[in-house]
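Position one of the sequence shown corresponds to residue 0 (numbering that gives the first Met the number 0), numbered consecutively onward. Ideal Cβ positions, reconstructed from N, Cα and C, are used throughout, including at glycine.
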Amino acid sequence: MLQHSPLALLYPGDRATRDRSEPAESRFAELFQAFAAAGIEAAPAVYHDDFADEVEAQLQAARLVLVWCNPVEGGRRRDRLDAMLRRLAARGVTVSAHPDAILKLGTKDVLVETRQLPFGSDVYRIGSLAQLEEELPRRLASGPRVLKQHRGQSGAGIWRIEAVDPAAPWTALRVRHAQRGSSEETMTPTALRVTLAPYFEPANGGHMIDQAWQPRLVEGMVRAYLVGDRVAGFGHQAVNALFPARPGEVAPTPGPRLYHDAELAQFQGLRKRLESGWIEMLRSCVGLPHEQLPLLWDCDFLLGESREDAEERFVLCEINVSSVAPFPPAAVQPLVRAVQSRLDPGRI
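Written out as structure tokens, the structure reads:
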């Protein structure tokens, strides 16, 4: 029976999907197979708020739950799910990622918390529209900015803003949303205020994060996939959200993310820095206990402006913790071993 499995994989679905609970039909089929090959019984725990009580009853006997669920899915938030996961954790079930870890790592606030670290950048918290109107013009005079909503995914709530005339930055603005299919618009400050107002509502976090534009985005974005405190693979996306358009052309459609194992030579410098200090710095900075590091998570980096004869500079763009999928095939076995270690510490 599903409820007797020591490991559960929780992911969203409808009633019909839960009734079938067929691992081979899920996007985690390869992971289910890898757990089975390692002798670990893993059960699908298909979740929806409409049958949350049923899922919680299933998970009572689980020892570890791996969770994939976006902060907003089909207009629904994670509030009920997170409350359930906290109850399970309080009863001794290992939950990854724990809702507390998501709040400390998986919101854009982490960019402000870590701005003084080696991978930090020129970034500010904007707590109101009044603060936006007071502070943004002088920053725009120095170059474009990227405003990010507190919590979201798939580019929603991320806006590139540039003054048409840097000498008069609070007149006409070039604005582009990072969500797929968006195009650049020219706005007045009043129109920008109306556009961004919803992000300052309490239900949406009540604030935004203002980060300096990274000109080297045209060289691509690097995603480091992590299992605990070790790099398990990389993703590299050359054409991505907010990729600038050439003069007189529309911006290109984002391209695919190419997946690589942890040994990819191009990013060994990033791997070394993550494993030898950056992850520990990050964990300590946000106040996250080491045992609450997610079993699977990722950090997105852009290439920063570098100096001659200096190491390549990487700038943190965001951290994904809530629903890290897809992920490189190379991450599967490290994740299986990490789960084995949690379920049977003496085995690894």
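Practice task
For W310, write down the residues that DSSP places opposite it in a beta bridge.
Solution key: Here the sequence assigns Glu to residue 310, which means Trp is not the residue at that position. Answer is none; E310 lacks a bridge partner.
Handout entry: Environment of T189 [buried if 16+ CB atoms lie within 10 Å]
Key = exposed
Practice task
Taking 8 Å as the cut-off, decide whether the C-beta atoms of A264 and A329 are in contact.
Solution key: no
Handout entry: E55 vs M83 beta-carbon contact at 8 Å
Key = yes
Problem - L281 - containing beta strand (DSSP E), residue span - result: Segment 278 to 285 is the alpha helix (DSSP H) holding L281; no beta strand (DSSP E) there.
Problem - Whole-number beta carbon distance between A96 and P327, since they are thought to touch under 8 Å - result: The pair is not a contact, with the Cβ atoms about 18 Å apart (cut-off 8 Å).
Practice task
Could you pull out every unbroken alpha helix (DSSP H) segment of at least 4 residues lying fully inside the region 112 to 176, listed in chain order?
Solution key: 128 to 139
Practice task
Find the nearest neighbour of P251 within the set D260, N69, A240, S275, judged by alpha-carbon distance.
Solution key: A240
Handout entry: Whether L281 touches T113 by CB criterion (8 Å)
Key = yes
Handout entry: Test: G119 CB closer than 8 Å to a CB of chain D
Key = Of the protein chains in the structure, only one exists, and it is not chain D.
Problem - Close beta carbons around V291, own chain, < 6 Å, minus the five adjacent residues each side - result: Looking at the sequence itself, residue 291 is Gln, so the reference to Val does not match. The residues are H97, A100.
Exercise for the section: Might you give, ordered along the chain, the residues of its own chain that have their beta carbon closer than 7 Å to the beta carbon of P333, omitting 5 neighbours on each side? Expected result: V226, R229, A231
Handout entry: Alpha-carbon spacing of R77 relative to V94, whole angstroms
Key = 15 Å
Handout entry: Where L1 sits in the DSSP three-state scheme
Key = Bear in mind that the predicted position of L1 carries a pLDDT of just 44, short of 50, making it unreliable; the figure below should be weighed with that in mind. Looking at L1 - three-state DSSP - the assignment turns out to be helix.
Exercise for the section: Give the DSSP-derived three-state secondary structure of R179 in the structure shown. Expected result: coil
Handout entry: Alpha-carbon spacing of L6 relative to N319, whole angstroms
Key = 22 Å
Handout entry: Contacts around G247, its chain only, beta-carbon distance under 8 Å, and the 5 residues preceding and following it disregarded
Key = none
Handout entry: In DSSP terms, what W67 is bridged to
Key = Answer is none; W67 lacks a bridge partner.
Handout entry: R17: first and last residue of the uninterrupted alpha helix (DSSP H) it sits in
Key = 14 to 19
Practice task
Have a look at Q210 and L191 and give me their C-alpha separation to the nearest angstrom.
Solution key: 17 Å
Practice task
Return the CA-CA distance between Q339 and F34, expressed in angstroms with no decimal places.
Solution key: 9 Å
Exercise for the section: Confirm the yes/no value for this check: CB of Q32, any heavy atom of the ligand NAP, distance under 7 Å. Expected result: This structure lacks the ligand NAP; in fact it carries no ligand of any kind.
Exercise for the section: For L104, I'd like the list of residues in its chain whose CB is within less than 6 Å of its CB, leaving aside the five on either flank, ordered along the chain. Expected result: I318, V320
Practice task
Below 6 Å CB to CB, which residues in the same chain sit around R215 once its five sequence neighbours on both sides are set aside?
Solution key: L302
Practice task
Would you mind stating whether R137 and H206 have Cβ atoms separated by less than 8 Å?
Solution key: no
Handout entry: Bounding residues of the beta strand (DSSP E) (the contiguous stretch that carries T185)
Key = 184 to 186
Practice task
May I ask you to verify whether the region 177 to 188 touches the region 274 to 289, counting CB pairs closer than 8 Å and requiring at least 3?
Solution key: no
Handout entry: DSSP state of F266 mapped onto helix, strand, coil
Key = helix
Handout entry: Span separating the alpha-carbon of G38 from that of V331
Key = 15 Å
Practice task
Buried or exposed for G151, please, with buried defined as at least 16 other CB atoms from any protein chain shown within 10 angstroms of its CB.
Solution key: buried
Exercise for the section: Kindly identify the DSSP beta-bridge partner or partners of M207. Expected result: I125, Q148
Exercise for the section: With DSSP as the reference, please indicate the residues paired to L241 in a beta bridge. Expected result: According to DSSP, L241 bridges with nothing at all.
Exercise for the section: Go through its chain and collect everything with a Cβ distance to E72's Cβ below 6 Å, but skip five positions before and after it. Expected result: P11
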